[in-house]
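A.B. asks: The sequence shown begins at 63 in our numbering and counts up one residue at a time. A single structure is presented below for examination.
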Amino acid sequence: MISFENRVVIVTGAGGGLGRCYALDIARRGGAVVVNDLGGSVEGTGGSSEMANQMVAEIRALGGRAIASADSVASEAGAKCIAEAAMDNFGRIDGLINNAGNMRNAPFEDSRLEDLEAQIAVHLVGSYNITKAVWRQMKTQGYGRVVFTTSSAGLFGNPTQSGYGAAKAGVTGLMNVVANEGQAFGILCNGLMPNGMSRMARRAAEGMDLSKQQEKAPFMAELGNAMDLEFNTGIAVYLASESCHTTHGIYSSCAGRIARVFIGATEGWQGSRQEPATAEDMAANFDQILVLRRGILLPMTPIDEHRIAITKPAPLA
Ligand code: NAI
Numbered sequence: 063m064i065s066f067e068n069r070v071v072i073v074t075g076a077g078g079g080l081g082r083c084y085a086l087d088i089a090r091r092g093g094a095v096v097v098n099d100l101g102g103s104v105e106g107t108g109g110s111s112e113m114a115n116q117m118v119a120e121i122r123a124l125g126g127r128a129i130a131s132a133d134s135v136a137s138e139a140g141a142k143c144i145a146e147a148a149m150d151n152f153g154r155i156d157g158l159i160n161n162a163g164n165m166r167n168a169p170f171e172d173s174r175l176e177d178l179e180a181q182i183a184v185h186l187v188g189s190y191n192i193t194k195a196v197w198r199q200m201k202t203q204g205y206g207r208v209v210f211t212t213s214s215a216g217l218f219g220n221p222t223q224s225g226y227g228a229a230k231a232g233v234t235g236l237m238n239v240v241a242n243e244g245q246a247f248g249i250l251c252n253g254l255m256p257n258g259m260s261r262m263a264r265r266a267a268e269g270m271d272l273s274k275q276q277e278k279a280p281f282m283a284e285l286g287n288a289m290d291l292e293f294n295t296g297i298a299v300y301l302a303s304e305s306c307h308t309t310h311g312i313y314s315s316c317a318g319r320i321a322r323v324f325i326g327a328t329e330g331w332q333g334s335r336q337e338p339a340t341a342e343d344m345a346a347n348f349d350q351i352l353v354l355r356r357g358i359l360l361p362m363t364p365i366d367e368h369r370i371a372i373t374k375p376a377p378l379a
């Protein structure tokens, strides 16, 4: 059994939805949990300590250890308070699940800059703030597990979610870099693309136009229980645990299927390394640039990509 005895984990946005499932499971496994939740609406407006407090009461009623925080991850000061609360109450920080999120959907032409900014503030800036707030402590411990919640809306695309998708893709970029930096210090960072019928997902479904709902309806029935939020708990908790030894990955959890998602490169077309290629060279060789031939290359850093360009052995999927 994967144990969280003597481990301290911060779960942001844990007052309800997916975060609630993660926090409960970690507490059941003996971990001390900082339940952070702003307690606002799906859009990210408002706030109250009620959601976090209720969740803590639920964990304590089960005999678990937890404290509540209603600070916003979107503020640097709020994120510092969350990390300080973990240190003051439990004395260390082993795991962080960046799960807090808001959502404001609209067709692109109707989308508003203030909504894009509000979503970037919670997903991307929020993940940055709290990860930075725990980083030094994890580095000192020589141990840390950080899970970044990203989304198929950002990595694959989804109509009406330009702001949300941009924020979630940004979270992936942040994960890629801190994974590079953290590995030497025992801090392993991974991305998770969950799927589950939370209040946020219900809101997204309500906003879908009729044709999309009809397209989705036939296979929704076949999904069985698999849109239950708990179907994401196993992978989230595993990535936050000592049993996870991998870093710099992105994992999709969708209807009971867990799969690695990656940003890779085709073998590509190699031009001259003395003279820059022209637009006409691109037109003439675009098929080779586009097409997967022998395998997918998975550069983990820009240096990897340079190695690929000079045909030194590169990681192959
Ligand atoms: P949810 O709305 O139930 O949970 C999000 C939680 O974050 C809420 O409890 C909310 O109060 C909290 N929150 C919002 N702003 C905050 C802030 N500034 N500071 C602290 N807490 C804040 O929705 P759900 O679905 O459980 O979402 C959890 C995460 O999973 C989010 O990051 C979401 O974007 C992501 N996600 C969910 C998917 C799904 O199918 N449910 C799909 C892909 C990603």
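Just so you know, even glycine gets a beta-carbon here, dropped at the ideal spot from N, CA and C. Keep in mind the model is a prediction, meaning the values are calculated, not measured.
Cβ of V208 less than 8 Å from any chain B Cβ?
C.D. replies: Of the protein chains in the structure, only one exists, and it is not chain B.
A.B. asks: Could you tell me which whole beta strand (DSSP E) segments of length 3 or greater appear in the stretch 100-162?
C.D. replies: 127-131, 157-160
A.B. asks: Return yes when the Cβ of L186 is within less than 8 Å of the Cβ of A141, no when it is not.
C.D. replies: Their beta carbons are not under 8 Å apart, which means A141 does not touch L186 by this criterion.
A.B. asks: On a CA-only basis, which of S260, A279, A321 is nearest E292? Give me that one, please.
C.D. replies: S260
A.B. asks: Could you give the DSSP three-state label for L359: helix, strand or coil?
C.D. replies: strand
A.B. asks: Assuming contact is defined by CB atoms lying nearer than 8 Å, are A148 and V97 in contact in what I supplied?
C.D. replies: no
A.B. asks: Taking only heavy atoms of ligand 1 into account, decide whether any of them is closer than 7 Å to the Cβ of P256.
C.D. replies: yes
A.B. asks: Are three or more beta carbon pairs between the stretch 291-309 and the stretch 183-198 nearer than 8 Å?
C.D. replies: These segments do not touch.
A.B. asks: Can you give me the start and stop residues for the alpha helix (DSSP H) that T234 sits inside?
C.D. replies: 224-244
A.B. asks: Is the beta carbon of L100 within less than 7 Å of some heavy atom of ligand 1?
C.D. replies: yes
A.B. asks: Taking the alpha-carbon positions, what's the S224 to I88 distance?
C.D. replies: Taking the straight line joining both Cα atoms gives about 33 Å.
A.B. asks: Look at R69 and M117 and say whether their C-beta atoms are less than 8 Å apart.
C.D. replies: no
A.B. asks: Return the bridge partner residues of T210 from the DSSP annotation.
C.D. replies: Note that residue 210 is Phe in the sequence shown, not Thr. The partner list for F210 (beta bridge, DSSP) reads N160, G253.
A.B. asks: Residues in the same chain with beta-carbon distance under 8 Å from I351, minus the five sequence neighbours each way, listed in chain order, please.
C.D. replies: T328, G330, W331, M344
A.B. asks: So, with DSSP's three-state summary, where would you put G296?
C.D. replies: helix
A.B. asks: Straight-line CA distance for M362 to A119?
C.D. replies: 42 Å
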